[in-house]
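Chemist:
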Amino acid sequence: MIKARKAGLKYVTGIGLWLPTGPDDYAVPDFSLVDADYRDALVEKNCYAPHVFHLVLEVTSSNWTNDTATKVDIYARANIPAYLIADRKHDEVLLYQNAVDGKYPDPVRYKRGETVPVPESVGITLDLSVDTLLDGDD
1 MIKARKAGLK YVTGIGLWLP TGPDDYAVPD FSLVDADYRD ALVEKNCYAP HVFHLVLEVT
61 SSNWTNDTAT KVDIYARANI PAYLIADRKH DEVLLYQNAV DGKYPDPVRY KRGETVPVPE
121 SVGITLDLSV DTLLDGDD
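Counting in UniProt numbering, the sequence shown runs from 1 upward without gaps.
1) Check whether the stretch 84-98 and the stretch 111-118 are in contact - that is, three or more C-beta pairs closer than 8 Å.
2) Closest by CA to Val122, which one among Asp24, Asp35, Asp40, Gly22?
3) Can you check the stretch 39-88 for any beta strand (DSSP E) of at least 3 residues that lies completely inside it and give the ranges in chain order?
4) Quick test of your reading: Leu42 and Pro29, contact by CB under 8 Å. State the CB separation rounded to the nearest angstrom.
5) Measuring only the C-alpha atoms, how far is Val118 from Ile80?
6) Start and end of the alpha helix (DSSP H) containing Asp135?
7) Looking only at its own chain, which residues have a Cβ that is under 8 Å from the Cβ of Lys3, when we skip the five neighbours before and after it?
8) Please go through the same chain and pick out, in chain order, the residues whose beta-carbon is closer than 7 Å to the beta-carbon of Phe53, but skip the five residues on each side of it.
9) Below 8 Å on the Cβ atoms is my contact criterion, and I expect Leu84 with Leu55 to pass it. Report the Cβ-Cβ distance as a whole number of Å.
10) Which residues does DSSP pair with Thr115 in a beta bridge?
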């Protein structure tokens, strides 16, 4: 948390990411790392402009296809620097980063026992445990 604050960022849940795919399109990531002053970028209905989002994380559940296909496309089109998927169906974490022309390159895959380095483009240096991302913090 301290690293994020020093970098001018904030960890949040339950806020909407306004999407460039249509006038009423938005997503609510499970977890986001945003600019500390993200509230200044309110579009409407607790949804904020994409430029304040540095990293979004989705933990798969019954909406597995939505998180691993649909949201990959829309987050890339919104130019989110890093998109992490804790894929519980396949017991791995996928990191999408550095979208080009609205598309992410193939993801980097991480297995249990590994850590995911948060990309420099996010603005902080941090390693995330794959086990914690998949299981939660017990």
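C-beta atoms are modelled at their ideal positions from N, C-alpha and C, and glycine is treated no differently. Given the structure is predicted, the values throughout are model-derived calculations rather than measurements.
Modeler: This is what the structure holds:
1) The way I'd put it, the stretch 84-98 does touch the stretch 111-118; three or more beta-carbon pairs between them come closer than 8 Å.
2) The residue with the shortest Cα to Cα distance from Val122 is Asp35.
3) Listed in chain order, they are 42-44, 53-59, 82-87.
4) Your pair Leu42 and Pro29 does not check out as a contact, with CB atoms roughly 16 Å apart and the cut at 8 Å.
5) Straight through space, the alpha carbons of Ile80 and Val118 are spaced by roughly 13 Å.
6) Its alpha helix (DSSP H) spans residues 130-135.
7) Closer than 8 Å at the Cβ level, and outside the excluded window around Lys3, lie Ile124, Thr125, Leu126.
8) Within the same chain, Phe53 has close Cβ partners Leu17, Ser32, Val34, Ile80.
9) About 7 Å; that satisfies the 8 Å criterion.
10) According to DSSP, residue pairing for Thr115 in a beta bridge involves Ser129.
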